[in-house]
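Visitor:
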Amino acid sequence: MASLKPTRTRATRTAAPDARVPAHDAREAVVPARGAPAAPARRLRILSSAHLADGPASELSEFEFGLIVAHNAFTRWATRCMAAAGMPELAITDILVLHHVRHRDRPKKLSDVCFTLNYEDTHVVSYALRKLVGLGLLESSRQGKEVLYATTEAGRALVERYRELRGACLLPSVTGDLGDVRTLADTAQLLRALSGLYDQAARAAASL
220 MASLKPTRTR ATRTAAPDAR VPAHDAREAV VPARGAPAAP ARRLRILSSA HLADGPASEL
280 SEFEFGLIVA HNAFTRWATR CMAAAGMPEL AITDILVLHH VRHRDRPKKL SDVCFTLNYE
340 DTHVVSYALR KLVGLGLLES SRQGKEVLYA TTEAGRALVE RYRELRGACL LPSVTGDLGD
400 VRTLADTAQL LRALSGLYDQ AARAAASL
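Sequence positions in the sequence shown follow our numbering and run 220 to 427.
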């Protein structure tokens, strides 16, 4: 009887995966065609309230954040500059009112200041005017039923010191695109236009 010899089965060898390729990248990589334009980089939006950036005109939320930080930075600059000029007790409203009353050396009424600076609360401006009169920076006079305010010699000297410090500390940094007169003029025009937009929206909200 013929003896039965065990048959040997040849083991099939499978190629080991390349250790240099991560398992999750085992699928075929999609390589962009040579010369194809790269996908545009997604612009990073700088926001403080992402929930307001949903939907159309989302860029407005980004602008509003820029407006907030610019306003706070301007307030900090103006008060520090006025403190260096010798009047640390003046708040931002006092400083703005003083500069406007000094504007063109023409006496101003309370309503003039509120209208030009777009202050709705006349009591805030009235308090600033009385404070500046008490500090000897403004003087008041009557013309009929109206009270007019003008800068005193001390007020004009303070404004001049502020102007000199502004020229020394701020203006040298206004360079490049920021120093372009056309860019600054266009930005100022845009801000005035947007102030009208917000005023109209405020009236609409008040009527709800």
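Beta carbons are placed, not taken as given, at the ideal position from N, Cα and C, and that holds for glycine.
1. So, residue 371 versus residue 357, is the Cβ gap smaller than 8 angstroms?
2. Would you call the CB atoms of residue 312 and residue 343 closer than 8 angstroms?
3. Just the Cα atoms here: how many angstroms apart are residue 409 and residue 271?
4. By Cβ distance, which residues of its chain are closer than 8 angstroms to residue 305, with the 5 residues on each side in sequence left out?
5. Just how far apart, CA to CA, sit residue 398 and residue 297?
6. Going by CA-CA distance only, name the one from 308, 362 and 416 that's closest to residue 353.
7. Is the beta carbon of residue 348 sitting closer than 8 angstroms to the one on residue 367?
8. Does the beta-carbon of residue 243 have 16 or more other beta-carbons within 10 angstroms, so that it is buried, or is it exposed?
9. Distance, Cα to Cα, residue 423 vs residue 416?
10. Could you tell me which residues DSSP pairs with residue 362 in its beta bridges?
11. Which runs of the alpha helix (DSSP H), 4 residues or longer, sit entirely within the segment 309 to 376?
12. Keeping to the same chain, check which residues put their C-beta closer than 7 angstroms to that of residue 386; ignore five residues upstream and five downstream.
13. Could you name the residues of the same chain whose beta carbon sits closer than 6 angstroms to that of residue 338, not counting the 5 residues immediately before and after it, in chain order?
14. Using a 10 Å radius around the Cβ and a threshold of 16 neighbouring Cβ atoms, would you call residue 400 buried or exposed?
15. Run through DSSP, which three-state label would residue 393 get?
16. Alpha carbons only, please: which of 321, 293 and 285 is nearest the one belonging to residue 373?
17. Could you spell out where the alpha helix (DSSP H) holding residue 276 opens and where it closes?
18. Applying the criterion that 16 or more other CB atoms from any shown protein chain within 10 Å of the CB defines a buried residue, is residue 393 buried or exposed?
19. Please identify the residue among 277, 318 and 402 whose C-alpha is closest to the C-alpha of residue 375.
20. Go ahead and label residue 364 buried or exposed: buried means 16 or more other beta carbons lie within 10 angstroms of its beta carbon, across all protein chains shown.
21. Using a Cβ-Cβ cutoff of less than 7 angstroms, which residues in the same chain neighbour residue 413 once the five nearest sequence positions on both sides are dropped?
Guide: Put simply:
1. yes
2. yes
3. 21 angstroms
4. 377 and 380
5. 19 angstroms
6. 308
7. no
8. Note that residue 243 scores 45 on pLDDT, short of 50, meaning its location in the model is unreliable and no value can be drawn from it.
9. In a straight line, the C-alpha of residue 423 is about 11 angstroms away from that of residue 416.
10. 365
11. 311 to 321, 329 to 336 and 341 to 353
12. Hits under 7 angstroms: none found.
13. Around residue 338: 344.
14. exposed
15. coil
16. 321
17. Here residue 276 belongs to no alpha helix (DSSP H), and DSSP marks it neither H nor E.
18. exposed
19. 318
20. That one is exposed.
21. So the list is empty, once near-sequence residues are dropped.
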